[in-house]
Amino acid sequence: MRIHTITALWEDIPDDADDLVLVRGGFRVYLCLCGRPLADRTAAELHASETNQCTTCLGSAVENIVPDFSQQCTACAGTGRRRAQLTWQLAHAEAETMITVEFVRGLIAGFTEPFRLSEVADLARDTLNLPVGRLPVGPRVRDVLRSLEARGELVLLSAPDELLRGTSVMLYRDPYWEHATG
Ligand SMILES: [Zn+2]
Ligand SMILES: [Zn+2]
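full-length UniProt numbering applies: residue 1 is where the sequence shown begins, and numbers increase by one.
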């Protein structure tokens with residue numbers, strides 16, 4: 001049996017590099033232990049898929065966001081497996097239909113003080129009677145809260161926990177918001 005361990009090596013990153021291209025897999029050289037040439041990110045994802053590995057982390061279970069920051073892969077729940085990634089994709093779709101914008105609006109309507117993402121996610125889980133780990137409640141609630149923020153209904157109060165690339169790629173672990181006034 002061939003071993004398909006895919007490795008991504010960083011290239012030199014120019015100062016004016018496109019941040020979106022960077023975090024989405026650019027500026028890297030992809031290699032597989034089996035020797036298959038992988039010309040770019042798309043080829044690497046295809047090879048990961050045909051060898052039953054997660055197409056986000058390419059089987060490594062770790063997402064390398066920028067050269068000095070990595071995190072456990074969220075797409076496959078840190079398993080590196082394609083099957084886990086597909087299962088988790090379905091769970092994301094299910095979370096989207098259960099946790100609607102209206103539902104989240106209802107959850108936070110009574111909050112007069114600033115509230116954290118984790119509080120709203122816990123409340124959503126309690127209200128829907130979902131055990132922890134059943135659905136990606138936190139990521140879905142975060143998306144909805146960010147959309148309410150983009151609409152001007154909420155104001156983000158917390159500072160980012162990490163500046164990964166100046167202020168263009170930032171990481172918030174458990175951000176908090178308050179209702180916009182007026
Ligand atoms: Zn291979
Ligand atoms: Zn993964």
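C-beta atoms are modelled at their ideal positions from N, C-alpha and C, and glycine is treated no differently.
query	result
For LEU145, which three-state DSSP category applies?	helix
Counting along the chain, where does the alpha helix (DSSP H) carrying HIS92 start and finish?	82-98
Mind listing which residues have their beta carbon within less than 5 Å of any non-hydrogen atom of ligand 2? Chain order is fine.	CYS54, THR56, CYS57, CYS73, ALA75, CYS76
Look up LEU156 in the DSSP assignment and give the residues it is bridged to.	TRP177
Pull up the distance between the alpha-carbon of PHE103 and that of LEU148, whole angstroms please.	12 Å
Would you mind sorting CYS34 into buried or exposed? The rule is 16 or more other CB atoms within 10 Å of its CB.	exposed
Within a Cβ cutoff of 6 Å, which residues of the same chain sit near ILE3, ignoring the five residues on either side of it in sequence?	LEU33
Can you check DSSP and say which residues form a bridge with CYS32?	ILE6
Could you spell out the range, first to last residue, of the alpha helix (DSSP H) harbouring PHE103?	101-108
To the nearest angstrom, report how far apart SER158 and MET170 are at their CA atoms.	12 Å
Give me the residue from GLU178, SER168, TRP177, PHE69 with the minimum Cα distance to ASP15.	SER168
So which of ASP18, ASN52, ASP12 has the shortest CA-CA distance to GLY166?	ASP18
Give me every residue whose Cβ sits closer than 5 Å to any heavy atom of ligand 1, in chain order.	HIS4, CYS32, CYS34, ARG36
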